[in-house]
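Basically the numbering used here = 1-based index in the sequence shown + 23. We put the CB at the ideal spot given by N, CA and C, even for glycine. These numbers were taken from a predicted model, which means no experiment stands behind them. What follows is a short report on a single structure.
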Amino acid sequence: MTILSDLTAPKRLAIVGASDNPTRIGGRPMSYMLKPEFKGICYPVNPNRETIQGVTSYPSLKALPDDIDFAIIAVPAAQVAGQVRDAAEKGAKALGVLRVGQGSSAKPVDPSAGLSPKQLYEKAQGFLTKGREFEKAVELLQIFVGRYPKHKLAPNAHYWLGRAYFVRQEFRKASFSFAEGLQKFPKSPKASANLLNLGMAFLRLGKRRDACTTWGQLSVAYPKASDAIKRRVERERKKAKCL
C-alpha cells in the first residue's frame, strides 16, 4: 500500500477523540466513516466511552487490536504531540489533526442537556414514533448508548438506533447497532428482534450467507421468541432462499 492510498483509501483508520454526537468535531468524521462508501475499518478512540455511534471504543491508540494506516486526531492542542507519537507507533503513515477548542467560541448545542437517561430515551422515542424525525432520533440514541451503556434502557436504545438507521437505509450502521445489542444484551427482551433485524441488515448489504446464518440461530438461541418474530424470520428466510 502506498502513502497516497493510505491517505485516500485507508484500510484501517483510527479517530482519536471520537464523539457520539455527529455534529461535533470528533463525531463528524466518525459518522462519515460509517457510511457504506468507506470500505475500511474505523476504530474510535475515546477513554470515556465504551461505544461511539454503536461501534466499540478503545481507551487509547495503543489499545487498538491492529496497526492502522491513517489517524484522525481531534483532541486539545496539548494532547496532539502524544497522540501523533502513538499513531506512528501503530504504523500510521498519514494523519489529520482537527482543531479542537479554537476558532469560534460558540459551543454546539447539546440536545441531551438537562435530561435524565429516561427523559433522553423518551425524547428519542418521540422523534421516532410521533414526528418520524429519524436524524434527531439517531443523534439522541447515539448519545444514550455511549453515555449510559449499562442502563436498563440500553438494550432498547440499541434496537431503536438500529431501526432508525435501517429506515434511513444506513444498513452498515444498522448492522453495527443490532450486533452490539445482541452481544451486550443477549438475554434482553429485544434480543430476538435484534437478531431478526441484524439478518435483514446483512441481506441489504449483500451478505446473504451472513443473513441466513443469523436467522438460523433463532430457534437455538431464542426458542421462546414471540410467534411474530418466528413468522417474520421464516418469511425472510424464504425470501432470501436460505437452505
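Within 8 Å, do at least three Cβ pairs link the segment 204–214 to the segment 180–194?
Because the criterion of three Cβ pairs below 8 Å is met, the segment 180–194 and the segment 204–214 touch.
Using the rule of at least 16 other Cβ atoms within 10 Å of the residue's Cβ for burial, across every protein chain shown, is Gln102 buried or exposed?
Residue 102 sits at position 79 when you count from the first residue of the sequence shown. Flag for Gln102 reads exposed.
Given this structure, state the Cα-to-Cα distance separating Ile95 from Val120, to the nearest angstrom.
Here residue 95 corresponds to residue number 72 of the sequence shown, with the count starting at 1. Here residue 120 corresponds to residue number 97 of the sequence shown, with the count starting at 1. Cα to Cα, the separation comes out at about 6 Å.
Would you grab the beta carbon distance between Asp92 and Leu36 for me? Rounded to a whole angstrom, and I think it's under 8 Å.
Against the sequence shown, residue 92 aligns to sequence position 69. Against the sequence shown, residue 36 aligns to sequence position 13. For Asp92 against Leu36, the beta-carbon gap comes to about 7 Å, under 8 Å, which counts as contact.
Answer with buried or exposed for Arg258, where buried requires no fewer than 16 other C-beta atoms within 10 angstroms of its C-beta.
In the sequence shown, counting from the first residue as 1, residue 258 sits at position 235. With fewer than 16 other Cβ atoms within 10 Å, it is exposed.
Kindly identify the DSSP beta-bridge partner or partners of Ala117.
Mapped onto the sequence shown, residue 117 falls at position 94. In DSSP, Ala117 forms a bridge with Phe93.
Backbone CA spacing between Ser83 and Gln106 [nearest angstrom]
Reading the sequence shown from its first residue, position 60 is the one you call residue 83. Reading the sequence shown from its first residue, position 83 is the one you call residue 106. Distance between the alpha carbons of Ser83 and Gln106: 9 Å.
For the structure I just gave you, are there three or more beta carbon pairs, one from the segment 110–117 and one from the segment 133–146, closer than 8 Å?
The segment 110–117 and the segment 133–146 do not touch, with fewer than 3 CB-CB distances between them shorter than 8 Å.
From Leu226 to Lys116, what distance separates their C-alpha atoms?
Within the sequence shown, the letter at position 203 stands for residue 226. Within the sequence shown, the letter at position 93 stands for residue 116. Inter-residue distance for Leu226 and Lys116 is about 35 Å (C-alpha atoms, whole angstroms).
Could you give the first and the last residue of the continuous beta strand (DSSP E) run that contains Arg35?
One-based indexing of the sequence shown puts residue 35 at position 12. Counting along the chain, Arg35 sits inside the beta strand (DSSP E) bounded by residues Arg35 to Val39.
Ala129 to Ser80, Cα distance in whole Å?
Taking the sequence shown and counting its residues from 1, one reaches residue 129 at position 106. Taking the sequence shown and counting its residues from 1, one reaches residue 80 at position 57. Note that Ala129 scores 45 on pLDDT, short of 50, meaning its location in the model is unreliable and no value can be drawn from it.
Check Thr237 in the structure and name its three-state DSSP category.
Position 214 of the sequence shown holds residue 237. Helix, per DSSP.
From this set, Ala177, Leu143 and Gln76, which residue's C-alpha is nearest Gly49's C-alpha?
Locating residue 49 in the sequence shown gives position 26, where the first residue counts as 1. The shortest Cα separation from Gly49 among Ala177, Leu143 and Gln76 belongs to Gln76.
Are Lys85 and Gly63 closer than 8 Å when you measure CB to CB?
In the sequence shown, the residue the question calls residue 85 occupies position 62. In the sequence shown, the residue the question calls residue 63 occupies position 40. No, Cβ-Cβ distance for Lys85 and Gly63 is not below 8 Å.
Where does Ile252 sit, in a helix, a strand or coil, going by DSSP?
Start at 1 with the first residue of the sequence shown, and residue 252 comes out as number 229. Three-state result, Ile252: helix.
Does the beta-carbon distance from Val98 to Gly40 come in below 8 Å?
Taking the sequence shown and counting its residues from 1, one reaches residue 98 at position 75. Taking the sequence shown and counting its residues from 1, one reaches residue 40 at position 17. Yes, the pair counts as a contact, with Cβ atoms nearer than the cut-off.
I'd like to know whether the C-beta atoms of Arg195 and Leu228 end up nearer to each other than 8 Å.
On the sequence shown, residue 195 is found 172 positions in, with the first residue counted as 1. On the sequence shown, residue 228 is found 205 positions in, with the first residue counted as 1. Cβ distance < 8 Å, so Arg195 and Leu228 count as in contact.
Could you tell me the distance, in whole angstroms, from the CA atom of Lys264 to the CA atom of Leu221?
Sequence index remark: in the sequence shown, residue 264 carries index 241 (1-based). Sequence index remark: in the sequence shown, residue 221 carries index 198 (1-based). Note on geometry: alpha-carbon atoms of Lys264 and Leu221 lie some 17 Å from one another.
Going by beta-carbon coordinates alone, are Tyr188 and Phe167 separated by less than 8 Å?
The residue labelled residue 188 in the question sits at position 165 within the sequence shown. The residue labelled residue 167 in the question sits at position 144 within the sequence shown. Taking 8 Å as the Cβ cut-off, Tyr188 and Phe167 do not qualify as a contacting pair.
Is it right to say Lys262 is buried, meaning 16 or more other beta carbons lie within 10 angstroms of its own, or is it exposed?
Taking the sequence shown and counting its residues from 1, the one referred to as residue 262 is at position 239. Lys262 is classed as exposed because its beta carbon has fewer than 16 other beta carbons within 10 Å across all chains shown.
Please report the straight-line C-alpha distance between Ala177 and Tyr245, rounded to a whole angstrom.
Sequence index remark: in the sequence shown, residue 177 carries index 154 (1-based). Sequence index remark: in the sequence shown, residue 245 carries index 222 (1-based). Distance between the alpha carbons of Ala177 and Tyr245 is about 20 Å.
Would Gln165 pass as a contact of Asp250 if the rule is Cβ separation under 8 Å?
The residue given as residue 165 occupies position 142 in the sequence shown. The residue given as residue 250 occupies position 227 in the sequence shown. Asp250 is positioned such that its CB atom lies no closer than 8 Å to that of Gln165.
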